[in-house]
Each structure stands twice: as C-alpha cells, then as structure tokens.
Amino acid sequence: MRVHIGTDHAGFDVKAVIVRVLQAKGYDVVDHGAEDYDSEDDYPSYIIPTAEAVVADPGSLGIILGGSGNGEAIAANKVRGVRAALIHSNETALLAREHNNANVASLGARMHSREQVIDLVLAFLATEFSHDERHTRRIQVISAYEESVADR
Numbered sequence: 002m003r004v005h006i007g008t009d010h011a012g013f014d015v016k017a018v019i020v021r022v023l024q025a026k027g028y029d030v031v032d033h034g035a036e037d038y039d040s041e042d043d044y045p046s047y048i049i050p051t052a053e054a055v056v057a058d059p060g061s062l063g064i065i066l067g068g069s070g071n072g073e074a075i076a077a078n079k080v081r082g083v084r085a086a087l088i089h090s091n092e093t094a095l096l097a098r099e100h101n102n103a104n105v106a107s108l109g110a111r112m113h114s115r116e117q118v119i120d121l122v123l124a125f126l127a128t129e130f131s132h133d134e135r136h137t138r139r140i141q142v143i144s145a146y147e148e149s150v151a152d153r
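The number in my numbering is simply the position in the sequence shown, starting from 1, with 1 added.
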C-alpha cells in the first residue's frame, strides 16, 4: 500500500520515525515534506499536496501531522475527495476507517508520544472500511454534496 505523508515543523521529527517504521513494514511511503525543519513554515504548504496526492492515487492513504492535527485536517478536507479524520485514540483510528472510509489520518504530534503516534498510524492503516450499507450511504451523501458544491 502507498502512504502519502506530510507535516510542517510541529511533526517534522516524528514524521521521520513514521517513514522508517512504515518502510520497514513494507509500505511504499511518499514524503511530501517538510524536507527541512523550519519553525516558521506553514502547514497548508505540505498538507494540501499530501491530500491531493491521496486523491490522485486511488487505493493510497495519507498521514498528516501538525501540532494538534486540527488545522491539518481542516486544510486536507478542502481537497475534493479527501475524508480526513482527526485521530486521537485507537478507537477513532478504527472508526475513521471502518465507518467513514477516511483516506487521510490527521494527528497531533504534540498531543501524543512518538510511540502513541506510531500505534495510531498503524491502527489506521491496518483497518479496512466495513462497507456496511448505512456507512456507504452516508459517505455517498457527503460525496454528492461535495460534487454539488464543486459545480457552483
């Protein structure tokens, strides 16, 4: 599976660890930056390209990191076709995939230890969408709205 990853300065150090762990587990990881630590960089510069890459690469998933993960989720969800979920526990990681078919996980690098971030990422990536009719129906409603807004 291909995993697209992006972060600003807040998640810069943990991103390097995530990339190494995922590659060791056989994931094809595409790093969308930041390439260098810059305490003044802006998360949309990395998050939006990461989200766009997920949409352009069917079957892939995305991992985005920031201080809290909130702004990153907001930015990613501006990209048509992205369903980014703020992940803060194993349960939210599982439900984001099982119920919402989230294709991007947003995590707060300042909210968790490195080990917790790794565990949350792995839980998200290992979980499949349930394909339950009620969840599929709800996602279709969201997608239809997204399409109608894009046509305006």
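All C-beta atoms, glycine included, are put in the ideal place defined by N, C-alpha and C. Only a predicted model underlies this, so the values are computations on that prediction, with no experimental measurement involved.
Reduced DSSP category for residue i - H, G, I as helix; E, B as strand; rest coil
| i | result |
| --- | --- |
| V175 | Absent from the model: residue 175. The displayed extent of the chain is 2 to 153, so no value can be given. |
| G153 | Per the sequence shown, the amino acid found at residue 153 is Arg instead of Gly. Three-state result, R153: coil. |
| S107 | strand |
| T8 | strand |
Residue of the options minimising C-alpha distance to residue i
| i | options | result |
| --- | --- | --- |
| S69 | A97, A110 and P59 | A110 |
| T128 | L95, P59, H113 and G60 | L95 |
| I75 | A35, S107 and V55 | S107 |
| Y44 | E73, R84 and F130 | E73 |
| L62 | Q117, L126 and E134 | L126 |
| A35 | I65, Q117, E53 and D29 | I65 |
| R3 | F13, K26 and A17 | K26 |
Local Cβ density within 10 Å of residue i, reported as buried at 16 or more and exposed below that
| i | result |
| --- | --- |
| H132 | exposed |
| A97 | buried |
| N71 | exposed |
| K79 | exposed |
Cβ pair count under 8 Å reaching 3, the region 7-18 against the region 34-46: yes
Start-end ranges of the beta strand (DSSP E) lying completely within the region 49-98, minimum 3 residues: 62-67 and 85-87
The region 47-62 touching the region 133-147, judged by at least three CB pairs closer than 8 Å: Verdict: no, contact absent.
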